[in-house]
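Colleague: 52 is the number of the first residue of the sequence shown in the working numbering; add one for each residue after it.
Just so you know, even glycine gets a beta-carbon here, dropped at the ideal spot from N, CA and C.
Owing to the predicted nature of the structure, the values given are computational and were not obtained by experimental measurement.
Take this structure, written in structure tokens, and hold onto it; I'll ask about it next.
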Amino acid sequence: MKNLVLISLFSLISLPNMLKADNETPSAKCQVYKTCSKQGFVEIFSVWDLWNSGSLNISHDEWVTKQLEKHFKVFACDEVAAACESDRAPNTQHFLEKYTTLPEVEWERNTPKESGLNSIALEMAISEASQISHLRSLLIVTNGKLVVEKYCSRKNDPRPQHLQSVTKSITSLLIGIAIDKGFIKSENEVIKPYFPEYFSKPHDERKEKITIQQLLTMTSRLNFVDNPTYTSYKDINSWWDPGRWEEYWYSDNYLDRPLEDDLVESIDDQVAIYSTPSCNLLTTILRKSTNMTTKEFADQYLFGPLGIKNYAWIHDSANNYIGGHTLFLRPRALARIGQLILDGGKFEDQEIISQDWLKKSFSVSVPKWVNMVDVPQKVDYGYLWWLGEYKNYKYQFAWGHGGQFLFLIPDANTLIVTTAYPDPDGTTHWEKSQRIIKNIMHNVIKALPDKN
52 MKNLVLISLF
62 SLISLPNMLK
72 ADNETPSAKC
82 QVYKTCSKQG
92 FVEIFSVWDL
102 WNSGSLNISH
112 DEWVTKQLEK
122 HFKVFACDEV
132 AAACESDRAP
142 NTQHFLEKYT
152 TLPEVEWERN
162 TPKESGLNSI
172 ALEMAISEAS
182 QISHLRSLLI
192 VTNGKLVVEK
202 YCSRKNDPRP
212 QHLQSVTKSI
222 TSLLIGIAID
232 KGFIKSENEV
242 IKPYFPEYFS
252 KPHDERKEKI
262 TIQQLLTMTS
272 RLNFVDNPTY
282 TSYKDINSWW
292 DPGRWEEYWY
302 SDNYLDRPLE
312 DDLVESIDDQ
322 VAIYSTPSCN
332 LLTTILRKST
342 NMTTKEFADQ
352 YLFGPLGIKN
362 YAWIHDSANN
372 YIGGHTLFLR
382 PRALARIGQL
392 ILDGGKFEDQ
402 EIISQDWLKK
412 SFSVSVPKWV
422 NMVDVPQKVD
432 YGYLWWLGEY
442 KNYKYQFAWG
452 HGGQFLFLIP
462 DANTLIVTTA
472 YPDPDGTTHW
482 EKSQRIIKNI
492 MHNVIKALPD
502 KN
């Protein structure tokens with residue numbers, strides 16, 4: 052790997068319309084943050100002060116000279132940069148409580164007692180949360196009312212956060228909406244028609260049978276997976292392996308790149324392999340089926356109806372958005388999406404997502420994992436959603452690297468949102484995620500009425 056170098060910015064384009072919901076004027080001062088190094092890369096984020104109204108350039112060493120001008124440009128606020136500044140993670144001995152109602156996502160408040168929650172158990176969850184040094188936000192909503200909202204961030208406000216793999220669950224919702232609206236026939240549709248560039252070349256004919264559902268359940272057998280160290284299967288390759296990371300990010304067709312690898316031979320399509328790159332195929336399918344970018348589709352059918360305006364989502368030069376990660380949302384906005392699901396897919400009497408799709412999404416779809424992570428209780432998997440149970444309460448959750456979570460507890464009409472600073476090298480990712488599950492989510496469930 053070449054020596055690390057810092058590069059200059061290519062462009063910074065003003066987009067004032069993004070600030071309308073906040074009634075704030077961006078500072079003219081441009082800030083540059085050097086963020087965590089991973090696999091020998093340096094990322095440089097160019098951002099506006101306060102709420103960013105500009106184009107955020109992300110570069111990875113030599114990648115900038117080959118790809119930046121034609122690839123990723125993000126329209127977001129400066130929390131995009133802060134989200135990757137793990138070395139600047141705050142001391143969270145005390146959370147800072149924010150009572151100001153944000154213009155784009157309003158919430159009626161309620162006390163724990165009025166919500167029927169055990170105050171002692173709830174305080175335990177908050178106390179435990181304050182001891183997790185990387186935690187940035189904690190929201191708890193019961194019966195559609197905000198019970199807990201606490202932050203600890205660089206500017207003490209709830210700006211958009213990098214949701215990491217929580218993005219996958221949002222992508223699943225968008226695919227479901229596209230099916231509901233008739234843009235996609237069903238999740239059983241094969242993906243071949245959406246990738247003629249690949250399938251017109253010599254290829255493994257077995258890939259012609261890959262379906263959208265298999266991408267949603269990680270059972271496509273595409274050999275481009277995350278962290279194969281969790282399995283003894285010798286023919287599974289990781290996109291994190293030395294050399295493959297560079298080859299993946301530098302390729303001209305990197306979003307479609309997972310199609311080009313061989314299928315994993317040692318498993319069948321009833322076994323899941325966790326693969327972030329394969330999720331990127333879903334947003335390509337979304338763009339080609341709707342003739343809209345993922346952002347345009349989300350604005351019209353999901354974020355727009357919910358009043359979510361300020362967010363970021365990384366895309367490439369062909370307007371393909373990254374379906375597996377890189378969505379940035381405010382914690383309140385993520386909670387709004389969670390409440391939509393708890394309300395059966397309806398918002399203000401308007402159906403946003405069908406109950407049929409939600410039922411499918413939260414049904415166990417994966418019999419077995421080959422690289423399953425070690426979590427403190429048994430979990431299952433649906434359509435890019437994790438499924439669990441604790442003290443007889445079934446719950447679903449979206450799970451992002453380093454502590455990004457959206458927990459849904461339907462029988463209690465309760466949701467939990469956490470956002471956090473991920474570690475630069477990921478070595479304590481599982482430990483910190485487990486702490487959030489055990490110390491926060493479990494204590495919130497203990498605050499609920501006993502369910503026998």
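Buried or exposed, going by whether 16 or more other CB atoms sit within 10 Å of the CB of Asp407?
Modeller: Position 356 of the sequence shown, counted from the first residue, corresponds to residue 407. Asp407 is exposed by the Cβ-count criterion.
Colleague: Once DSSP output is grouped into helix, strand and coil, what is the label at Arg383?
Modeller: By 1-based counting over the sequence shown, the position of residue 383 is 332. It is helical.
Colleague: Using CA atoms only, rank isn't needed, just tell me which of Ile235, Glu174, Ile183 and Leu273 is closest to Leu310.
Modeller: As a first step, residue 310 is located in the sequence shown; it is residue number 259 there, counting from the start. Checking every option, the nearest Cα to that of Leu310 belongs to Leu273.
Colleague: Between which two residues does the beta strand (DSSP E) carrying Phe456 extend?
Modeller: Locating residue 456 in the sequence shown gives position 405, counting from the first residue. Its beta strand (DSSP E) spans residues Gln455 to Ile460.
Colleague: Quick one, are the C-beta atoms of Phe456 and Ile487 less than 7 Å apart?
Modeller: Along the sequence shown, one-based indexing puts residue 456 at 405. Along the sequence shown, one-based indexing puts residue 487 at 436. Yes. Within cutoff.
Colleague: How long is the line joining the alpha carbons of Arg187 and Leu385, rounded to whole angstroms?
Modeller: For the purposes of this step, residue 187 is taken as residue 136 along the sequence shown, with counting starting at 1. For the purposes of this step, residue 385 is taken as residue 334 along the sequence shown, with counting starting at 1. Each residue's alpha carbon lies about 14 Å from the other.
Colleague: What runs of the alpha helix (DSSP H), each 4 residues or longer, lie entirely inside the region 329-363?
Modeller: Runs of the alpha helix (DSSP H) inside the region 329-363: 345-352 and 354-357.
Colleague: Since I believe Ile392 is in contact with Leu353 (beta carbons under 8 Å), could you give me their beta-carbon distance rounded to a whole number of angstroms?
Modeller: Position 302 of the sequence shown, counting from 1, holds the residue named residue 353. Position 341 of the sequence shown, counting from 1, holds the residue named residue 392. Actually they do not touch by this definition, with Cβ atoms about 11 Å apart.
Colleague: Under a Cβ-count criterion, where at least 16 other Cβ atoms within 10 Å of its own Cβ denotes burial, should Val415 be classed as buried or exposed?
Modeller: Translated into the one-based positions of the sequence shown, residue 415 becomes position 364. Exposed: under 16 other Cβ atoms inside 10 Å.
Colleague: Just tell me which of Leu499, Gly358 and Lys411 has its CA closest to the CA of Glu157.
Modeller: In the sequence shown, residue 157 corresponds to position 106, counting from 1. Considering only alpha carbons, the answer is Gly358.
Colleague: Using only the alpha-carbon positions, how far apart do Ser251 and Gly395 sit?
Modeller: Here residue 251 refers to the residue found at position 200 of the sequence shown. Here residue 395 refers to the residue found at position 344 of the sequence shown. Distance between the alpha carbons of Ser251 and Gly395: 41 Å.
Colleague: Closer than 8 Å by C-beta to Tyr532: which residues in its own chain qualify, once you throw out the five before and the five after it? Chain order, please.
Modeller: Outside the displayed span of the chain (52 to 503) sits residue 532, for which this structure offers no information.
Colleague: In the DSSP assignment, the beta strand (DSSP E) including Ala449 goes from what residue to what residue?
Modeller: Mapped onto the sequence shown, residue 449 falls at position 398. From DSSP, the beta strand (DSSP E) with Ala449 extends over Tyr444 to Gly451.
Colleague: So what does DSSP say about Ile226, is it helix, strand or coil?
Modeller: The residue you call residue 226 lines up with position 175 of the sequence shown. In the structure shown, Ile226 sits in a helix (DSSP, three-state: H, G or I).
Colleague: Taking the alpha-carbon positions, what's the Asn506 to Asp231 distance?
Modeller: Residue 506 lies beyond the residue range present for the chain, which begins at 52 and ends at 503; the question has no answer from this structure.
Colleague: Trp408 lies in the beta strand (DSSP E); which residues open and close that run?
Modeller: Locating residue 408 in the sequence shown gives position 357, counting from the first residue. Element bounds for Trp408: not the beta strand (DSSP E) but the alpha helix (DSSP H), Gln406 to Ser412.
Colleague: Just to confirm the assignment, what range does the beta strand (DSSP E) spanning Leu189 have?
Modeller: Along the sequence shown, read from residue 1 onward, the residue named residue 189 stands at position 138. Note, Leu189: beta strand (DSSP E), Leu186 to Thr193.
Colleague: Starting from Phe398, follow its DSSP beta bridges and name the residues at the other end.
Modeller: Numbered from 1 along the sequence shown, position 347 holds the residue referred to as residue 398. DSSP, once it has assigned bridges, lists Gln401 as partnering Phe398.
Colleague: Output the distance between the C-alpha atoms of Phe348 and Thr341, rounded to the nearest integer angstrom.
Modeller: Taking the first residue of the sequence shown as position 1, residue 348 is located at position 297. Taking the first residue of the sequence shown as position 1, residue 341 is located at position 290. Between Phe348 and Thr341, the C-alpha separation is close to 8 Å.
Colleague: What residue from Gln401, Tyr434 and Asp462 has the CA that sits closest to Met269's CA?
Modeller: Working through the sequence shown from its first residue, we reach residue 269 at position 218. Out of Gln401, Tyr434 and Asp462, Tyr434 has the C-alpha closest to the C-alpha of Met269.
Colleague: Tyr432 and Gly439 - do their beta-carbons sit closer together than 7 Å?
Modeller: Position 388 of the sequence shown, counted from the first residue, corresponds to residue 439. Position 381 of the sequence shown, counted from the first residue, corresponds to residue 432. No, they are not a contact pair.
Colleague: Going by C-alpha distance, which of Pro461, Gln485 and Asp462 is nearest Ala471?
Modeller: Start at 1 with the first residue of the sequence shown, and residue 471 comes out as number 420. Ranking Pro461, Gln485 and Asp462 by Cα distance to Ala471 puts Gln485 first.
Colleague: How many Å lie between Glu240 and Leu267 at the Cα?
Modeller: Reading the sequence shown from its first residue, position 189 is the one you call residue 240. Reading the sequence shown from its first residue, position 216 is the one you call residue 267. Rounded to whole angstroms, Glu240 to Leu267 spans 12 Å at the Cα level.
Colleague: Going by DSSP, which residues form a beta bridge with Ala471?
Modeller: As a working mapping, residue 471 is identified with position 420 in the sequence shown. Leu186.
Colleague: Using the Cα positions of Gly233 and Gly167, report the straight-line distance between them to the nearest angstrom.
Modeller: In the sequence shown, counting from the first residue as 1, residue 233 sits at position 182. In the sequence shown, counting from the first residue as 1, residue 167 sits at position 116. So the alpha carbons of these two residues sit roughly 41 Å apart.
Colleague: Cα separation between His145 and Ala180?
Modeller: Mapped onto the sequence shown, residue 145 falls at position 94. Mapped onto the sequence shown, residue 180 falls at position 129. Reliability fails at His145, whose pLDDT of 39 lies under 50, so the model's placement of it is uncertain and the value that follows must be treated cautiously. Near 9 Å, if we compare the C-alpha coordinates of Ala180 and His145.
Colleague: What span of residues does the beta strand (DSSP E) with Val241 cover, start to end?
Modeller: Here residue 241 corresponds to residue number 190 of the sequence shown, with the count starting at 1. It is not in any beta strand (DSSP E) - Val241 carries neither H nor E in the DSSP assignment.
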